[in-house]
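Just so you know, the working numbering puts 1107 at position 198 of the sequence shown, and the rest follows in order with no gaps.
C-beta atoms are modelled at their ideal positions from N, C-alpha and C, and glycine is treated no differently.
It should be emphasised that the depicted structure is a prediction, and the values quoted were computed from it without experimental measurement.
Okay, structure first, notes after.
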Amino acid sequence: MRDEILRNIAVYFDHSLCKADATRGEVEKFCAEAKAYGFGSVVVNSSNGRLVKELLKGTSVKTCCTMAYPLGSMTTATKVFEAKECRELGADEIDIVINVGRFLDGDDEYVRNDIKAVVEEFKKDDADKAVKVIIETSIIGIEQIARAVELSIEAGADYVKTSSGYANYGAKPDEVQEMLRAAAGRIKVKASGGIRTLEDAVSYIEMGAVRIGGTSGMNICDAAKELLQNR
C-alpha cells in the first residue's frame, strides 16, 4: 500500500497558488510544474481560473478555483454569482469556505442552504464537477467537526477540507481522523495546510484523505521518488 502511494503520490496534490499578489508569470510556472509532476489540480483565485484552464488544456490536471475565499462570510447570493463565474470560465472544481460565524451561531439551516446553493449552481451543467467545502477546523474545534461534515454532506458537496491556510493552523492528524470518522465514506476528505514532508503526506493518505493541499507537492514528490530509488 505504501509503495503504491509513493509511486502515485503526485495525483493526490492540489498545487495551490492562492495568494493575493500571484502574477501571471507565477501562474504559468505553477501550471508547468503541475503538468510536469502530474498533480491532481492547480488551485488559484478565480481571476486566474481561465488562464489556468487554457494552460492545462489537454492534460489530466484539473482547474480548481477558490471561492468565497478566505473568509466565507459574504452573502449566499454573492457566493452563487461567483460559482456561476467559476463554472462559466471552465473550472473543474471549487474550494469554498463555509460561513464560519453562522456555523458557530448554530444556524445549521443557513450553513446548509448556503453550501447547497453553491453546489447547485456550480454543478448545474456537469454533475462531475467537484465542490470542496473548507470547514476551518482550527476555528470550529474538533468537537464541531462532525456537524460541519454532516452539513456539507446534506448540501451535496463532494469533499470537506481542513482549512483555507489563513486561519489559526492547517491540518492536524486528530482533526483529519475526526473528519474521516464523520464522513464514513459519504464524502471525501482533503487535508490542507502545513503539510510539508513526505511522512506527513503519506500519513494523511493512509488515514483516508484523497487530496492534499499546499505548495510543497514538488518537494514531497521528489522525496518519494528518491526513497523508491534508494530501496
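**Report entry** Reduced DSSP secondary structure (H/G/I, E/B, other) of Asp923
**Finding:** Position 14 of the sequence shown, counted from the first residue, corresponds to residue 923. Here Asp923 sits in strand by DSSP.
Query - Which of helix, strand or coil DSSP assigns to Arg911 - result: Position 2 of the sequence shown holds residue 911. If DSSP states are grouped into helix, strand and coil, Arg911 belongs with the helices.
Requested in this report: Could you spell out where the beta strand (DSSP E) holding Thr972 opens and where it closes?
Outcome: Against the sequence shown, residue 972 aligns to sequence position 63. Unbroken beta strand (DSSP E) run through Thr972: Lys971 to Met976.
**Report entry** Closest by C-alpha distance to Leu980, when choosing among Ile1048, Asn1022 and Phe990
**Finding:** The sequence position of residue 980 within the sequence shown is 71, counting from 1. Selected option, being the one with the closest Cα: Ile1048.
Requested in this report: Taking the CB atoms as reference points, tell me whether Cys927 and Val951 lie closer together than 8 Å.
Outcome: Within the sequence shown, the letter at position 18 stands for residue 927. Within the sequence shown, the letter at position 42 stands for residue 951. Result no, Cβ atoms of Cys927 and Val951 do not sit closer than 8 Å.
Report task. Mind checking which residues open and close the alpha helix (DSSP H) that includes Asn954? Result -> In the sequence shown, counting from the first residue as 1, residue 954 sits at position 45. Not the alpha helix (DSSP H): Asn954 falls in the beta strand (DSSP E), residues Ser950 to Asn954.
Query raised in the report: Exposed or buried, Tyr1068, counting other C-beta atoms within 10 Å across all chains shown (16 or more means buried)?
Result: For this step, residue 1068 is matched to residue 159 along the sequence shown. It is buried - the Cβ of Tyr1068 has at least 16 other Cβ atoms within 10 Å.
Report task. Taking Tyr1068 as part of the beta strand (DSSP E), name the residues at either end of that continuous run. Result -> Position 159 of the sequence shown, counted from the first residue, corresponds to residue 1068. Where Tyr1068 is concerned, the enclosing beta strand (DSSP E) stretches over Tyr1068 to Lys1070.
Query raised in the report: Which of the three DSSP states, helix, strand or coil, is assigned to Ala1093?
Result: Residue mapping note: residue 1093 aligns to position 184 of the sequence shown, counting from 1. Coil, per DSSP.
Query raised in the report: Which value, in whole angstroms, describes the spacing of the CA atoms of Ala1080 and Ala1133?
Result: Residue numbering aside, residue 1080 sits at position 171 when the sequence shown is read from its first letter. Residue numbering aside, residue 1133 sits at position 224 when the sequence shown is read from its first letter. Their Cα atoms are separated by approximately 20 Å.
Query - Beta-carbon contacts of Ile1051 that lie in its chain and below 7 Å, excluding the five residues immediately before and after - result: Position 142 of the sequence shown holds residue 1051. Taken in chain order, the residues that qualify are Asp1083, Glu1084 and Glu1087.
Query raised in the report: Enumerated in chain order, which unbroken segments of the beta strand (DSSP E) with a length of 3 residues or greater are wholly contained in the stretch 1073–1128?
Result: 1097–1101 and 1120–1123
Requested in this report: With Asp1004 as the anchor, note down where its beta strand (DSSP E) starts and where it stops.
Outcome: The sequence position of residue 1004 within the sequence shown is 95, counting from 1. Glu1002 to Val1006 is the extent of the beta strand (DSSP E) around Asp1004.
Query raised in the report: DSSP on Lys928, reduced to helix/strand/coil?
Result: Sequence index remark: in the sequence shown, residue 928 carries index 19 (1-based). Three-state DSSP puts Lys928 in coil, outside helix and strand.
Query raised in the report: Which residues mark the beginning and the end of the beta strand (DSSP E) in which Ile1043 is found?
Result: For the purposes of this step, residue 1043 is identified with residue 134 of the sequence shown, where counting begins at 1. From DSSP, the beta strand (DSSP E) with Ile1043 extends over Ala1039 to Ile1043.
Query raised in the report: If you drop the 5 nearest sequence neighbours on each side, which residues of the same chain put their C-beta closer than 6 Å to that of Ala943?
Result: Locating residue 943 in the sequence shown gives position 34, counting from the first residue. For Ala943, where only same-chain residues beyond five positions count, the Cβ hits under 6 Å are His924, Val951 and Val970.
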